[in-house]
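Visitor: Handing you a structure now.
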Amino acid sequence: MPECANCGGFVTERYVRVFAPGERETVRVCPNCEDKLRDGADVREARSKRT
C-alpha cells in the first residue's frame with residue numbers, strides 16, 4: 047500500500063502513478079500535507095496554512 051513520504055498518509059496507486067516523479071514507488075507530498083506542497087517538479091514549504 048503506497049504512502050506519502052512526507053506525512054505517511056495513505057495515497058492510492060493511481061495518485062502515485064500520476065504524481066510520483068519517474069519510477070518512484072511513492073509520492074514526496076500528498077494533498078493531506080499541510081506543511082509542504084508541489085510546485086511543478088519541486089516540493090516546497092507551504093507559505094500559508096491550508097484548511
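All residue numbers for the sequence shown refer to my numbering, where the first residue is 47 and numbers rise by one. From the three backbone atoms N, C-alpha and C, an ideal C-beta is built for every residue, glycine too.
For residue 89, which residues of its own chain have a beta-carbon under 6 Å away from its beta-carbon, when the five flanking residues on both sides are left out?
Guide: Position 43 of the sequence shown, counting from 1, holds the residue named residue 89. So the list reads 74, 75, 82, once near-sequence residues are dropped.
Visitor: For residue 64, count neighbouring C-beta atoms within 10 Å of its own C-beta (all shown protein chains included) and say buried if the count is 16 or more, exposed if not.
Guide: Taking the sequence shown and counting its residues from 1, one reaches residue 64 at position 18. Per the 10 Å Cβ criterion, exposed.
Visitor: Roughly how many whole angstroms lie between the Cα atoms of residue 57 and residue 80?
Guide: Within the sequence shown, numbered from 1, the residue matching residue 57 stands at position 11. Within the sequence shown, numbered from 1, the residue matching residue 80 stands at position 34. When rounded, the distance between both Cα atoms is 15 Å.
Visitor: Check the DSSP bridge columns for residue 93 and list the partner residues they point to.
Guide: For the purposes of this step, residue 93 is identified with residue 47 of the sequence shown, where counting begins at 1. Residue 93 is not bridged to any residue.
Visitor: Could you pull the DSSP bridge partners for residue 80 from this structure?
Guide: Taking the sequence shown and counting its residues from 1, the one referred to as residue 80 is at position 34. DSSP, once it has assigned bridges, lists no residue as partnering residue 80.
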